[in-house]
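Read the structure below first, then the notes.
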Amino acid sequence: MKILVMSCSTGGGHNTAAKAILEELERRGHQAVLLDPYELAHRNLDRKVGDTYIHLVQRAPSLFGVAYRLGEAYRRLPWRSPVYWVNGRMCTLMQEYLERHTYDAIITTHLFPGEILTYMKNQGIKVPETVFVATDYTCIPFTEEIDCDYYVIPSQRLEADFEARGIKKERLVPAGIPVRHAFGEQKSREELLEELQLAPDRRYLLLSGGSMGAGRICRMVESLEVYLAAHADTSLIVICGSNQKLYARMQERFGEHAQILLLQTTDRMAEYMKVCDVFLSKPGGLSSTEAAAAQVPLIHISPIPGCETKNMRYFSSIGMSEAVGNSSRALLPALEELENATKAEEMKEKQKEYVNPFAAAQICDLVERTAGRQRKTAQEE
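Sequential numbering of the sequence shown, starting at 26, is according to my numbering.
See the structure below:
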């Protein structure tokens with residue numbers, strides 16, 4: 026089959042989830058294409074959309090929280106959102122693209138392409154089977170106004186949340202958030218440490234602000250200096266993501282610290298997670314799922330107000346993470362609690378119980394079963 030996977034660069038998690046699905050589709054021998062629909066518009070629009078979001082999150086996360094709360098309030102109104110109408114302007118370009126390229130199904134890991142496809146359907150334009158993949162542990166604003174054949178959600182525990190927004194139960198598929206195959210690979214810690222050129226006789230903490238390098242990373246590292254001073258056998262790995270200013274500040278402030286290793290972006294996140302003893306991260310839906318799939322004790326820090334706050338609440342409420350939030354004072358007690366081997370193992374067991382590391386495979390199973398059946402019927406006709 027030929028499958029179109031759509032995403033949008035407002036946050037790395039959407040693209041990472043899309044790439045995980047693409048990886049699995051290609052592994053099965055399907056033709057798969059990844060598309061940001063804004064690439065179809067004038068040059069660099071996709072980058073401008075992504076950069077606008079990233080700058081907002083990096084510089085003024087509280088404003089994003091305000092926008093999210095406005096979205097929550099607006100969804101109570103009886104008419105469609107501005108998000109729908111703005112994305113509807115992409116209808117003609119998307120229609121022309123689909124006339125040039127034939128697909129058996131479309132999978133979208135972002136709301137915006139879902140809005141475009143819904144606008145097309147409402148204009149009477151035929152589109153292939155559509156599957157929306159939620160990448161946060163909540164039904165984000167305006168999910169309910171898109172019209173997809175199936176909605177892949179992170180957990181059966183969230184079905185009521187989506188149903189309450191008017192999405193029919195028979196369309197919900199609680200398969201989970203897709204992660205790359207590397208998170209399910211079985212390699213020894215010793216082998217991974219050698220690949221990453223890390224010392225085998227040390228404990229490792231991993232700190233990340235996501236692909237954008239958002240959150241109060243510098244403040245958190247300052248708090249962790251106290252912990253490192255008391256634990257000479259421990260090193261801190263900090264991943265700054267695409268945030269060049271953050272990386273420069275970190276180099277200036279901590280570049281000479283013997284126990285701190287600073288990195289920019291990396292394509293080996295799975296390996297770093299698997300060798301670390303504790304992962305400290307803002308509660309993105311994708312990064313949190315990756316941590317659970319890698320079976321690593323998790324501390325949530327610096328949530329972007331909105332869906333990340335809900336992700337943190339979901340994980341901590343069922344024992345899959347410790348929620349520190351923006352409180353640097355709570356960071357050291359959380360670390361000390363996870364030094365307890367029993368506590369750490371209990372968290373890993375909860376992660377194993379509630380997060381499906383094979384979501385990408387199950388999403389592909391769904392598409393093969395449903396779109397494949399439609400394709401067979403069309404060929405017989």
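For glycine and all other residues, C-beta sits at the position ideal for the given N, C-alpha and C.
Backbone secondary structure at residue i - three-state DSSP
i: C33; result: coil
i: F157; result: strand
i: G350; result: strand
i: V177; result: strand
i: R228; result: strand
i: T395; result: helix
i: A189; result: coil
i: V152; result: coil
i: L323; result: strand
i: A283; result: coil
i: D390; result: helix
i: T259; result: strand
i: L223; result: coil
i: P62; result: helix
i: R205; result: coil
i: H39; result: helix
C-beta atoms of residue i and residue j nearer than 7 Å
i: S34; j: A43; result: no
i: V6; j: I132; result: Examination of residue 6 is not possible in this model, given that the chain is present from 26 through 406 alone.
i: L363; j: V303; result: yes
i: I438; j: L231; result: Residue coverage of the chain in this structure runs from 26 to 406, which leaves residue 438 outside it and unanswerable.
i: M337; j: P328; result: yes
i: P62; j: I141; result: yes
i: I326; j: M245; result: yes
i: C389; j: L50; result: yes
i: I171; j: A159; result: no
i: Y144; j: C116; result: yes
i: D258; j: R228; result: yes
i: A283; j: F208; result: no
Counterpart residues of residue i in DSSP-defined beta bridges
i: K27; result: Q56
i: S233; result: I264, S306
i: T133; result: M31, F157
i: Q198; result: First, the residue type needs correcting, since residue 198 is Val and not Gln in the sequence shown. V198 pairs with V177.
i: L288; result: I264
Between the region 293 to 301 and the region 119 to 130, do three or more beta carbon pairs fall short of 8 Å? For the pair of segments examined, the region 293 to 301 was found not to touch the region 119 to 130: the number of CB pairs separated by less than 8 Å stays below three.
Using 8 Å as the threshold, is the region 310 to 324 in touch with the region 365 to 382, meaning 3 or more CB pairs across them? Touching, yes, given that three or more Cβ pairs across the two stretches are closer than 8 Å.
For the pair the region 93 to 107 and the region 163 to 183, tell me if three or more CB-CB distances fall below 8 Å. Output reads yes: the region 163 to 183 touches the region 93 to 107.
Decide yes or no for the touch test of the region 176 to 190 against the region 350 to 369: beta carbon pairs closer than 8 Å, at least 3 of them. No: the two stretches stay apart, fewer than three of their Cβ pairs being nearer than 8 Å.
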